[in-house]
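The sequence shown begins at 18 in my numbering and counts up by one. Quick reminder that beta carbons are idealized off the backbone N, C-alpha and C, glycines included. Just so it is clear, the structure is predicted and the values come from calculations on it, not from any experiment. I have placed the structure first, in the form of C-alpha cells, so that the comments after it can refer back to it.
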Amino acid sequence: MATLFSHDGAEVVQRALAVKEPAEALDEFYELERAAAFVTASGFRRVPLHCCVDEVAAEHVGAEAVVHYGPACLSPCRKLLVLHVFGRQPLDTERCAGAFRELYPDRQSHVVVLSDVVYAHALGELEQLLGPEYPHVVFSRLASDEAPDCPQGPGLVRQFGRLFAVAAQSGLKDYAMFYSLDSNRALLRRLYLVERARDARVGGILVGTLGVAGYLSILEHLRGTLSRAGKRSYTLAMGKLSPAKLANFLEVDVFVLVACPQNSLLDSRDFYRPVVTPYELELACNPAREWSSLYVTDFRDLLPGGCAHVGFPDTVPGEGDVPDVSLITGELRAAGLSSSPAPSSSSALACRNPALALAEISPAASFLESRSWRGLEQQLGQMPVTKAVPGRRGIAIAYEDEACG
Numbered sequence: 018m019a020t021l022f023s024h025d026g027a028e029v030v031q032r033a034l035a036v037k038e039p040a041e042a043l044d045e046f047y048e049l050e051r052a053a054a055f056v057t058a059s060g061f062r063r064v065p066l067h068c069c070v071d072e073v074a075a076e077h078v079g080a081e082a083v084v085h086y087g088p089a090c091l092s093p094c095r096k097l098l099v100l101h102v103f104g105r106q107p108l109d110t111e112r113c114a115g116a117f118r119e120l121y122p123d124r125q126s127h128v129v130v131l132s133d134v135v136y137a138h139a140l141g142e143l144e145q146l147l148g149p150e151y152p153h154v155v156f157s158r159l160a161s162d163e164a165p166d167c168p169q170g171p172g173l174v175r176q177f178g179r180l181f182a183v184a185a186q187s188g189l190k191d192y193a194m195f196y197s198l199d200s201n202r203a204l205l206r207r208l209y210l211v212e213r214a215r216d217a218r219v220g221g222i223l224v225g226t227l228g229v230a231g232y233l234s235i236l237e238h239l240r241g242t243l244s245r246a247g248k249r250s251y252t253l254a255m256g257k258l259s260p261a262k263l264a265n266f267l268e269v270d271v272f273v274l275v276a277c278p279q280n281s282l283l284d285s286r287d288f289y290r291p292v293v294t295p296y297e298l299e300l301a302c303n304p305a306r307e308w309s310s311l312y313v314t315d316f317r318d319l320l321p322g323g324c325a326h327v328g329f330p331d332t333v334p335g336e337g338d339v340p341d342v343s344l345i346t347g348e349l350r351a352a353g354l355s356s357s358p359a360p361s362s363s364s365a366l367a368c369r370n371p372a373l374a375l376a377e378i379s380p381a382a383s384f385l386e387s388r389s390w391r392g393l394e395q396q397l398g399q400m401p402v403t404k405a406v407p408g409r410r411g412i413a414i415a416y417e418d419e420a421c422g
C-alpha cells in the first residue's frame, strides 16, 4: 500500500526525459568540461551538486568540495571549496553597446558596468566594443574567479560578488551603474519595513545561513543592536521560512533575517510579521546610521572593520528629549537609546513579594501563560515511568517492519 504514495527515488533517477536542446548546447551552458576538470584535477571522490551552497548538509555526506549550479551571491564559504557554474545565457553585445551609447552620450562618463552571473561571460566582448570609446567606463568581473585572500589595492572594490577598480579619490559616489532594475517601488517597501522595525518591541533573529563566513559575529552584533535600542531579542534557527512557521512566534514584532546577499531581501507580504535585513534593523535602531544611496545587503560590511560599519553614539539622550512619532500608528515612541542592556530573552529578575525576595521569570514563559492553547499537557508525576525500548525504523508512511502491498 505504501508504494502507491511513496518510493525510494530510483524511478526519478532512471526516468528518461525528452531533451529538446542538443547535447552540445547543454554541455556549453552548464560548462560540464570545466566542472569535470575541477573534480578530477583535485582528486575529489565525493562532490555534491547543490541548488544553494549548504556546508552543513555537505559535511553530513562527507563532501570534499561542492559544485554549485545556478545564480549565487558569491559569499565566501568557511570550509569547503566551491565551484560556481552559473550557466551561459546568450547576449546580443552589439545591441547592448548601442543601448549604452544612447544612455551615455558623453564619452567621458564614469560608469560601472554590472551584469547578472549568466551574462558575465559576455562582458569581455562588450568591453572590446565600448572600451576604446569610453576611457572611464569600468567593467566588473565575478569575485569568485579570484582567490579569497586576493590583495585589495587602491581603488579596487569588492562588492555584491563583483570586483572592479575605480578612481581611488572619488570612489563609487561619482560613478553611475549600468544595470537594468526598477528599484523605486522596492525601496519604498523596504523603507516601510524599517518604520515597522522602529515600532517593534521584540525582535526575532532568524538564522538563515550556517555556511557564510561571519554569521556568528553578525548574530552577536544584532543582539547588541536590539539591546541598545531597548528591545528584547530571540534567536531562531530554522530551515526554509514560511508564514506558518513564523506565525508560531506571536510575541515577536519584527524578524531580521541573517542570510547571504542573494536571499536577504525577502518579500514578507504573506507573513504575519515583517522580515527585515540586518542593515534595515540598524537603520531602525541606531540613530547614528542615516539613510543614504548605499544599500548594504552583505551583513559582513556592518561588522566592526567593515566598509559600512557605524557604531552607536556614546551619549544616551535624556528624558527631556523630544519623543519620536511613528509614521504608521501615529503614536509617540521613545527616541533615546537604552543606557543599560535590555532584559535577556531567556530570563529576568523580578520582585516576588514585599520582602524583596527575588524570583526568576522568563518573558517567553510569561507570554505562554497568556495563550489559550499551550501545547500538550505534560502531567508530570501522574504517569508511571516505563522502560525505553527500541522503536520502529523508517518513515511514517513506510516503516521497515511493514509489508508492502
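{"Query": "Could you compute how far the alpha carbon of Q399 sits from the alpha carbon of V406?", "Result": "21 Å"}
{"Query": "Taking the continuous beta strand (DSSP E) assigned at G221, which residues delimit it?", "Result": "V219 to V224"}
{"Query": "For G411 versus E417, is the C-beta distance shorter than 8 Å?", "Result": "yes"}
{"Query": "Could you give the residue range of the beta strand (DSSP E) that holds V273?", "Result": "V271 to V275"}
{"Query": "Distance check for C90 and L253, CA to CA, integer angstroms please.", "Result": "23 Å"}
{"Query": "Can you name the start and end residues of the alpha helix (DSSP H) that Q125 belongs to?", "Result": "Where Q125 is concerned, there is no enclosing alpha helix (DSSP H), given that its DSSP letter is neither H nor E."}
{"Query": "Using the Cβ count rule (16 or more neighbours within 10 Å means buried), how would you classify T242?", "Result": "buried"}
{"Query": "Using the beta-carbon count (16 or more within 10 Å), is I414 buried or exposed?", "Result": "exposed"}
{"Query": "Going by CA-CA distance only, name the one from K257, L239 and Q106 that's closest to Y251.", "Result": "L239"}
{"Query": "Hey, out of V174, A139 and D191, whose CA is closest to H153's CA?", "Result": "D191"}
{"Query": "Throw me the rounded Cβ distance for the G328 and V269 pair, which I believe falls under 8 Å.", "Result": "Rounded, the Cβ-Cβ distance is 26 Å, inconsistent with contact."}
{"Query": "By the three-class DSSP mapping on this structure, what secondary structure does D315 have?", "Result": "coil"}
{"Query": "Please identify the residue among F55, R105 and L97 whose C-alpha is closest to the C-alpha of S132.", "Result": "R105"}
{"Query": "Rounded to the nearest angstrom, what separates I425 and L205 at their Cα positions?", "Result": "This structure cannot settle anything about residue 425, because the visible part of the chain is limited to 18 through 422."}
{"Query": "Look at the alpha carbon of A160 and the alpha carbon of R218, and state the distance between them as a whole number of angstroms.", "Result": "39 Å"}
{"Query": "Give me the Cα-Cα distance between F117 and F156, rounded to the nearest whole angstrom.", "Result": "13 Å"}
{"Query": "Would you mind reading off the limits of the alpha helix (DSSP H) that contains A254?", "Result": "Here A254 belongs to no alpha helix (DSSP H); instead the beta strand (DSSP E) covers R249 to A254."}
{"Query": "On the criterion of 16 or more Cβ atoms from any shown chain inside 10 Å, does H85 qualify as buried, or is it exposed?", "Result": "buried"}
{"Query": "Drop a sphere of 10 angstroms on the beta-carbon of H101, count the other beta-carbons inside from all chains shown, and report buried for 16 or more, exposed for fewer.", "Result": "buried"}
{"Query": "Which of helix, strand or coil does DSSP assign to E45?", "Result": "helix"}
{"Query": "Can you tell me whether T294 is buried or exposed? The criterion is at least 16 other CB atoms within 10 Å of its CB, across all chains shown.", "Result": "buried"}
{"Query": "Mapping the DSSP letters down to three states, classify A415 as helix, strand or coil.", "Result": "strand"}
{"Query": "Per the DSSP calculation, H101 is bridged to which residue(s)?", "Result": "H85"}
{"Query": "Measure the C-alpha to C-alpha separation of E419 and V211 and round it to an integer number of angstroms.", "Result": "54 Å"}
{"Query": "Going by alpha carbons, who is nearest to L180 out of A214, R207, D216 and V130?", "Result": "V130"}
{"Query": "For a test of the three-state rule: what should DSSP assign to L239, helix, strand or coil?", "Result": "helix"}
{"Query": "Three Cβ pairs or more, each shorter than 8 Å: is that satisfied between the region 138 to 146 and the region 107 to 116?", "Result": "yes"}
{"Query": "Using the three-state DSSP reduction, which class does A14 fall into: helix, strand or coil?", "Result": "The requested residue 14 is not part of the displayed model; the chain covers only 18 to 422."}
{"Query": "Could you check whether the region 293 to 313 touches the region 69 to 87, counting it as contact only if at least three pairs of C-beta atoms, one from each stretch, sit closer than 8 Å?", "Result": "no"}
{"Query": "On the three-state DSSP scale, how would you describe R215?", "Result": "helix"}
{"Query": "Under three-state DSSP, which class holds D71?", "Result": "coil"}
{"Query": "Cα separation between V70 and A42?", "Result": "25 Å"}
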